[in-house]
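First to last, the sequence lines map onto chains X and A. Number 584 in my numbering belongs to position 257 of the first sequence; there are no gaps in the numbering. Number 110 in my numbering belongs to position 81 of the second sequence; there are no gaps in the numbering. By construction, the Cβ of each residue, glycine as well, lies at the ideal position given by its N, Cα and C atoms. For reference, the structure is listed below as structure tokens.
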Amino acid sequence: MSNKSNNSSLPLKNSSGASRTIKRYKLELIMLVVLIGIMLLLQIVTGNALKSRNLMNVFQAATPIIIMAMGQLLIIITAGIDLSVGSIFSLSGMVAALTMNKYGIFVGVICALLTGIACGLFNGFFVAKVNMAPFIVTLAMNGIAASLTFIIADGNSQSILQTSFRNFDRGSFLFGIPNFIIYIIIIVVLMQFMLSKTVLGRFIYSTGSNENAARLVGIGTSNIKMFAYTFTGFLCGLAALLNASYLMTVECTAGTGLESEVIAATIIGGASLSGGVGSAVGAFIGALISVVIRNGFNLLGINSFWQGTVTGIVIIIAVLFGQISAQKRK
Amino acid sequence: MSNNNNKKPIMELVDIVKTYGTTVALDHASLRLFPGEVHALMGGNGAGKSTIIGIIAASRMPDSGKIYLGGEEVSFKNPSEAINNGIAVVYQELSILPHLTVAENIVGTNKKVLRNGLYDWDKAIEIAQDALNVLGEACLSIDPLEKVSNLRVDQMQMVEIARAVSFGAKIILLDEPTSSLNIHETESLFRIVNALKQTGISFLFVSHRMNEVRQISDRVTVFRDGKLVLDGKLMSEITDQEVVNHMLGRKLDIVTKGNADKIHEIENNPVRLKIKFTDNDKEIVVRQGEIVGISGLAGSGRSALLRNIIGDIEWKDIEIIYDGEKYDPGNPRKSIKNDIAYIGEDRKDSGLFLDLSIGETVLMPNRVYRSTKLVKEGKERKLVASIIDQLKVKMASIDHTPSSLSGGNQQKLLFAKWYVNDPRVFLLDEPTRGVDINTKQEIYKLIEELAERGAAVLVVSSEVREMVLLCHKIVVLRDGLPAVTLMEDDINEEKIMSVITAAEHVTEAGGTA
Numbered sequence: 328m329s330n331k332s333n334n335s336s337l338p339l340k341n342s343s344g345a346s347r348t349i350k351r352y353k354l355e356l357i358m359l360v361v362l363i364g365i366m367l368l369l370q371i372v373t374g375n376a377l378k379s380r381n382l383m384n385v386f387q388a389a390t391p392i393i394i395m396a397m398g399q400l401l402i403i404i405t406a407g408i409d410l411s412v413g414s415i416f417s418l419s420g421m422v423a424a425l426t427m428n429k430y431g432i433f434v435g436v437i438c439a440l441l442t443g444i445a446c447g448l449f450n451g452f453f454v455a456k457v458n459m460a461p462f463i464v465t466l467a468m469n470g471i472a473a474s475l476t477f478i479i480a481d482g483n484s485q486s487i488l489q490t491s492f493r494n495f496d497r498g499s500f501l502f503g504i505p506n507f508i509i510y511i512i513i514i515v516v517l518m519q520f521m522l523s524k525t526v527l528g529r530f531i532y533s534t535g536s537n538e539n540a541a542r543l544v545g546i547g548t549s550n551i552k553m554f555a556y557t558f559t560g561f562l563c564g565l566a567a568l569l570n571a572s573y574l575m576t577v578e579c580t581a582g583t584g585l586e587s588e589v590i591a592a593t594i595i596g597g598a599s600l601s602g603g604v605g606s607a608v609g610a611f612i613g614a615l616i617s618v619v620i621r622n623g624f625n626l627l628g629i630n631s632f633w634q635g636t637v638t639g640i641v642i643i644i645a646v647l648f649g650q651i652s653a654q655k656r657k
Numbered sequence: 030m031s032n033n034n035n036k037k038p039i040m041e042l043v044d045i046v047k048t049y050g051t052t053v054a055l056d057h058a059s060l061r062l063f064p065g066e067v068h069a070l071m072g073g074n075g076a077g078k079s080t081i082i083g084i085i086a087a088s089r090m091p092d093s094g095k096i097y098l099g100g101e102e103v104s105f106k107n108p109s110e111a112i113n114n115g116i117a118v119v120y121q122e123l124s125i126l127p128h129l130t131v132a133e134n135i136v137g138t139n140k141k142v143l144r145n146g147l148y149d150w151d152k153a154i155e156i157a158q159d160a161l162n163v164l165g166e167a168c169l170s171i172d173p174l175e176k177v178s179n180l181r182v183d184q185m186q187m188v189e190i191a192r193a194v195s196f197g198a199k200i201i202l203l204d205e206p207t208s209s210l211n212i213h214e215t216e217s218l219f220r221i222v223n224a225l226k227q228t229g230i231s232f233l234f235v236s237h238r239m240n241e242v243r244q245i246s247d248r249v250t251v252f253r254d255g256k257l258v259l260d261g262k263l264m265s266e267i268t269d270q271e272v273v274n275h276m277l278g279r280k281l282d283i284v285t286k287g288n289a290d291k292i293h294e295i296e297n298n299p300v301r302l303k304i305k306f307t308d309n310d311k312e313i314v315v316r317q318g319e320i321v322g323i324s325g326l327a328g329s330g331r332s333a334l335l336r337n338i339i340g341d342i343e344w345k346d347i348e349i350i351y352d353g354e355k356y357d358p359g360n361p362r363k364s365i366k367n368d369i370a371y372i373g374e375d376r377k378d379s380g381l382f383l384d385l386s387i388g389e390t391v392l393m394p395n396r397v398y399r400s401t402k403l404v405k406e407g408k409e410r411k412l413v414a415s416i417i418d419q420l421k422v423k424m425a426s427i428d429h430t431p432s433s434l435s436g437g438n439q440q441k442l443l444f445a446k447w448y449v450n451d452p453r454v455f456l457l458d459e460p461t462r463g464v465d466i467n468t469k470q471e472i473y474k475l476i477e478e479l480a481e482r483g484a485a486v487l488v489v490s491s492e493v494r495e496m497v498l499l500c501h502k503i504v505v506l507r508d509g510l511p512a513v514t515l516m517e518d519d520i521n522e523e524k525i526m527s528v529i530t531a532a533e534h535v536t537e538a539g540g541t542a
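See the structure below:
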């Protein structure tokens, strides 16, 4: 049907692009302020939180969480969840170490990424094609991947013998910026672009908001879920490689418990477990907040046993914020 | 019809005011309910019906005003106080516990079921059976130990009413109880209401459907924009037209389909869609510009047929000829690409992205249709705004979510979705469910415009009146297959009803019901 009347009256009023962006990313902005606030506070108290050495440590520690959170975010936006990211991380890392030591760096990298993708495909297949609950499928995958890690490594941690693999994480192919930071920037920017500027992104949100309605307007909802889980598997592989390159050794339990940190990062960043909500920038800030808090404990010399309590409280506060702003919109 | 003039009201609401922010939902509204009467509450969307139900049920608090129950002023703090004082609400979206049994649902938190502090199943079944017996024969087939999720919608509703009875309700609020029922289920609901009325229970019956209000109610109260405009008038003293005029505040010009000449003109149009049923060799033919109604009982396959055509389900063996060529339904994407538009019967479940901004709901089919890759925000916003404008959807801003809109405006959004392309076929499943008379008229006009532009329209509706108003031709389905086609003078309420009912008799005889 044509739409000749462009004298669109009420609905467009008072919404310039910039003010809209601020409105839409209000939660993310608040979280950014919180993040900067915590960092400044730590700087004032300890005097070395903002030193480049410490910042580098923070980013290094946050790298696997940020990268996996980008995948987890996709899944959570489609109203799913992935409990297996930690185990896939462990398995991919172990595969990388074992194959690399035998066949060289290139083969090792490819094998690690393929392992992640395979695990993601498994999740995606049972969630999207067989219609099983994501919680159950990924819980099973979590067990499978964790157990396979021990089996292939015979329970031992593996040192990486290819010394030049160190450059994968800490080397630099651009302006002297460490590679891991470049990876983070590329992935976060791409993800943010995909979610906010492409139609595929709109399809992902709509799948999570109302899968039935999305399917009925011709959106391939099951392919979208398949993509989300598989891509997450790939990102787990990448995160494991960066971590392995940084430590140059891989433990069977490298990723144990990481899934909860990853899920926490996306939630702190404004994603909703009921689907349809979340942003890459938010998940990025969310991951940094939890890592900065942990870093703060180290700097302040507080017993690290308190970390879980503080992170837990931060999650509750962040979700409360989200609920209040969602209610205001209605 | 009973005359209540000399009785005292069992419940009286006086000068109720309720505001939400700057919106006045109820503006000094009043309502009087007498013992043993069925009192219809009518009004357009936004008239304040839901708000007053909320206030009676104590799930919302009035800003000011008084509530009397049995002559005494009351002020309930929460819904359970209202329930304990004999007020029960059966909401449009039922609030039963699907995974529990009928007995557990009816008994609920009733203390009588406890023996030595433990749940006594025998007692629970007894209480449930007693309540079901009060409702009469329609409920006899309900087994107290059946899981509620295995029941039909109308039976679930009976379970809710039985629960109200079992809690000793004196006042039962029915919020659009017939919107998901077919004609027969509605009849049996009304029998239950009439039976309970005899025991002294009062009903507040909220409905958009004038003929049902006429059939069941003793009195009618009408709200408009939160104000009382018709105060408990006896149904015997007022005509349907007068009630409708009160609801609208003006006279309604009823849309009717074109005159006989126009219908004959349509009969010469090229055939757009031909659906052949291999099972009984009958077919449904839809011409360009033609509105064809699909009628039949709920469960006769009306909705399934539409979803079969768009390829969402595989259901009957059908062969589709579309503009002269054979067309295989693939999936919803293929149907959109081939200019077939679909509007499902449940807007919240199958149509709207309730928590995304309004534009997402409106634009999504267009994005699929055009296979666009990037979001061009400025352009899209203008497009959405102009569509919203043409359809006169009322909203504060297109950045809000559909969940903030009234039912009628939500329903219009479903049409807005298809305003961007120019679909050649429209498949509409209950296009006016749960919207007020005013919006209904607007939607009828929309549908006629679609047809006038040359689209072929298939409409499924359980409202026979709607079918009569809209359709050039009506096909009655039985067991998923076309049984009878009605044309011209046969399109009237009596004839359609009799054909639908006849279809059921045949079904029963065949033993497949």
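TODO: Find the nearest neighbour of isoleucine 514 of chain X within the set X/Leu418, X/Val361, X/Ser572, X/Leu401, judged by alpha-carbon distance.
DONE: Locating residue 514 of chain X in the first sequence gives position 187, counting from the first residue. When each option's Cα is compared against that of isoleucine 514 of chain X, the closest is X/Leu401.
TODO: Return the CA-CA distance between asparagine 483 of chain X and leucine 565 of chain X, expressed in angstroms with no decimal places.
DONE: Your numbering for residue 483 of chain X matches position 156 in the first sequence. Your numbering for residue 565 of chain X matches position 238 in the first sequence. Asparagine 483 of chain X and leucine 565 of chain X: Cα-Cα distance of roughly 22 Å.
Open item on the list: For the ligand ATP, is there any heavy atom lying closer than 7 Å to the beta carbon of threonine 583 of chain X?
Closed with: Looking for the ligand ATP in the displayed structure turns up nothing, as the structure carries no ligands at all.
TODO: Go through its chain and collect everything with a Cβ distance to alanine 645 of chain X's Cβ below 6 Å, but skip five positions before and after it.
DONE: By one-based count along the first sequence, residue 645 of chain X stands at place 318. Hits under 6 Å: Ile595.
- [ ] Could you tell me the boundaries of the beta strand (DSSP E) in which valine 43 of chain A lies?
- [x] As a first step, residue 43 of chain A is located in the second sequence; it is residue number 14 there, counting from the start. It spans 40-49 - the beta strand (DSSP E) in which valine 43 of chain A sits, taken as one unbroken run.
- [ ] Examine chain A for any beta-carbon lying closer than 8 Å to the beta-carbon of tyrosine 352 of chain X, and answer yes or no.
- [x] Your numbering for residue 352 of chain X matches position 25 in the first sequence. Not one chain A Cβ lies under 8 Å of tyrosine 352 of chain X.
Task: the segment 368-387 of chain A contacting the segment 444-451 of chain A, beta-carbon criterion three pairs below 8 Å - done: yes
Open item on the list: Against chain A, does leucine 543 of chain X count as a neighbour if the rule is that its beta carbon must be under 8 Å from one of theirs?
Closed with: Looking up residue 543 of chain X in the first sequence gives position 216. Yes, its Cβ sits closer than 8 Å to a Cβ of chain A.
Open item on the list: For isoleucine 525 of chain A and glutamate 517 of chain A, what's the separation of their Cα atoms in angstroms?
Closed with: Counted from its first residue, the second sequence places residue 525 of chain A at position 496. Counted from its first residue, the second sequence places residue 517 of chain A at position 488. So the alpha carbons of these two residues sit roughly 12 Å apart.
TODO: Quick one: residues in its chain with C-beta nearer than 7 Å to the C-beta of arginine 493 of chain X, no 5 flanking neighbours on either side, listed in chain order?
DONE: Position 166 of the first sequence, counted from the start, is the residue given in the question as residue 493 of chain X. Excluding positions up to five away in sequence, the list reads Ser572, Met575.
Open item on the list: Only counting the same chain, and skipping five residues up and downstream in sequence, which positions put a Cβ closer than 7 Å to that of isoleucine 612 of chain X?
Closed with: Here residue 612 of chain X is taken as the residue at index 285 of the first sequence, counted from 1. Contacts found: Glu355, Met358, Leu359, Leu362, Gly596.
Open item on the list: Determine, for serine 381 of chain A, whether the minimum Cβ-Cβ distance to residues of chain X falls below 8 Å.
Closed with: Counting from one through the second sequence, the residue named residue 381 of chain A turns up at place 352. Here residue 381 of chain A turns out to be leucine, not serine, going by the sequence shown. Yes, leucine 381 of chain A lies at the interface with chain X (some Cβ there is under 8 Å from its Cβ).
Task: Beta-carbon proximity of isoleucine 338 of chain A to valine 488 of chain A, cut-off 8 Å - done: If you number the second sequence from 1, residue 338 of chain A lands on position 309. If you number the second sequence from 1, residue 488 of chain A lands on position 459. It is not a contact, given that the beta carbons lie outside the stated cut-off.
Task: Under 9 Å from the C-beta of glycine 597 of chain X: neighbouring residues of chain A - done: The residue you call residue 597 of chain X lines up with position 270 of the first sequence. Simply none; closest approach about 13 Å.
Task: Range of the contiguous beta strand (DSSP E) that encloses histidine 57 of chain A - done: In the second sequence, residue 57 of chain A corresponds to position 28, counting from 1. Counting along the chain, the beta strand (DSSP E) containing histidine 57 of chain A begins and ends at 52-62.
TODO: Buried or exposed for histidine 501 of chain A, please, with buried defined as at least 16 other CB atoms from any protein chain shown within 10 angstroms of its CB.
DONE: Here residue 501 of chain A corresponds to residue number 472 of the second sequence, with the count starting at 1. Label assigned to histidine 501 of chain A: buried.
Open item on the list: Pairs of beta-carbons, one from the segment 111-123 of chain A and one from the segment 85-101 of chain A, closer than 8 Å: are there three or more?
Closed with: yes
TODO: Would you list, in chain order, the members of the segment 476-493 of chain X that have their beta-carbon closer than 7 Å to a beta-carbon of chain A?
DONE: none
Open item on the list: I'd like to know if tyrosine 356 of chain A contacts chain X, where contact means its C-beta is closer than 8 Å to some C-beta of that chain.
Closed with: What you label residue 356 of chain A is simply residue 327 of the second sequence in a count that begins at 1. No, tyrosine 356 of chain A lies away from the interface with chain X (no Cβ there is under 8 Å from its Cβ).
- [ ] Let me know if alanine 484 of chain A comes out buried or exposed under the rule of 16 or more other beta-carbons within 10 Å of its beta-carbon.
- [x] For the purposes of this step, residue 484 of chain A is identified with residue 455 of the second sequence, where counting begins at 1. Its Cβ being crowded by 16 or more others within 10 Å, alanine 484 of chain A is buried.
- [ ] Count the C-beta pairs between the segment 58-74 of chain A and the segment 233-240 of chain A that are closer than 8 Å, then say yes if the count reaches three, no if not.
- [x] yes
Task: valine 404 of chain A: contacting residues in chain X (beta-carbon distance under 7 Å) - done: Position 375 of the second sequence holds residue 404 of chain A. Those are Lys524, Thr525, Val526, Arg529, listed as they occur along chain X.
Open item on the list: Does the CB of threonine 52 of chain A have a neighbour CB from chain X at under 8 Å?
Closed with: Within the second sequence, numbered from 1, the residue matching residue 52 of chain A stands at position 23. Chain X, which has no Cβ nearer than 8 Å to the Cβ of threonine 52 of chain A, makes this no.
Open item on the list: Please return the same chain residues whose Cβ sits closer than 6 Å to the Cβ of proline 461 of chain X, not counting the five positions on each side in sequence.
Closed with: Walking along the first sequence from the start, residue 461 of chain X turns up at place 134. The answer, listed in chain order, is Gly407, Ile408, Val454.
Task: Contact check, alanine 167 of chain A vs alanine 153 of chain A, beta carbons under 8 Å - done: As a position in the second sequence, residue 167 of chain A is number 138, starting the count at 1. As a position in the second sequence, residue 153 of chain A is number 124, starting the count at 1. No, they are not a contact pair.
Open item on the list: So that I know if they touch, is there some Cβ in chain X lying closer than 8 Å to that of proline 361 of chain A?
Closed with: As a first step, residue 361 of chain A must be located in the second sequence, where it is residue number 332. Closer than 8 Å: yes.
Open item on the list: So, with DSSP's three-state summary, where would you put lysine 378 of chain X?
Closed with: Sequence index remark: in the first sequence, residue 378 of chain X carries index 51 (1-based). Three-state result, lysine 378 of chain X: coil.
TODO: May I have the straight-line CA-CA distance separating alanine 345 of chain X from aspartate 428 of chain A, to the nearest angstrom?
DONE: Start at 1 with the first residue of the first sequence, and residue 345 of chain X comes out as number 18. Start at 1 with the first residue of the second sequence, and residue 428 of chain A comes out as number 399. Distance between the alpha carbons of alanine 345 of chain X and aspartate 428 of chain A is about 14 Å.
TODO: Determine the chain A residues that contact alanine 540 of chain X at a beta-carbon separation under 7 Å, and present them in chain order.
DONE: Taking the first residue of the first sequence as position 1, residue 540 of chain X is located at position 213. Per Cβ cutoff of 7 Å: Ser379, Gly380, Leu381, Phe382.
Open item on the list: If the cut-off is 9 Å on Cβ atoms, which residues from the segment 436-463 of chain A count as contacting chain X, listed in chain order?
Closed with: Lys446, Trp447, Tyr448, Val449, Asn450, Asp451, Pro452
Task: Contiguous beta strand (DSSP E) assignments of at least 3 residues, all confined to the segment 144-206 of chain A - done: 200-204
Open item on the list: I need the straight-line Cα distance from leucine 392 of chain A to aspartate 378 of chain A, nearest angstrom please.
Closed with: Looking up residue 392 of chain A in the second sequence gives position 363. Looking up residue 378 of chain A in the second sequence gives position 349. For leucine 392 of chain A and aspartate 378 of chain A, the distance between alpha carbons rounds to 18 Å.
Task: DSSP state of lysine 524 of chain A mapped onto helix, strand, coil - done: Mapped onto the second sequence, residue 524 of chain A falls at position 495. Correct three-state label for lysine 524 of chain A: helix.
TODO: Flag this pair as yes or no: are the beta carbons of glutamate 389 of chain A and arginine 529 of chain X separated by less than 8 Å?
DONE: Here residue 389 of chain A corresponds to residue number 360 of the second sequence, with the count starting at 1. Here residue 529 of chain X corresponds to residue number 202 of the first sequence, with the count starting at 1. Cβ distance < 8 Å, so glutamate 389 of chain A and arginine 529 of chain X count as in contact.
- [ ] Use the C-beta contact count for isoleucine 651 of chain X: other C-beta atoms within 10 angstroms, 16 or more gives buried, fewer gives exposed.
- [x] Against the first sequence, residue 651 of chain X aligns to sequence position 324. Isoleucine 651 of chain X should be labelled exposed.
TODO: Assign arginine 462 of chain A to one of three DSSP states: helix, strand, or coil.
DONE: Start at 1 with the first residue of the second sequence, and residue 462 of chain A comes out as number 433. Arginine 462 of chain A: coil per DSSP, three-state reduction.
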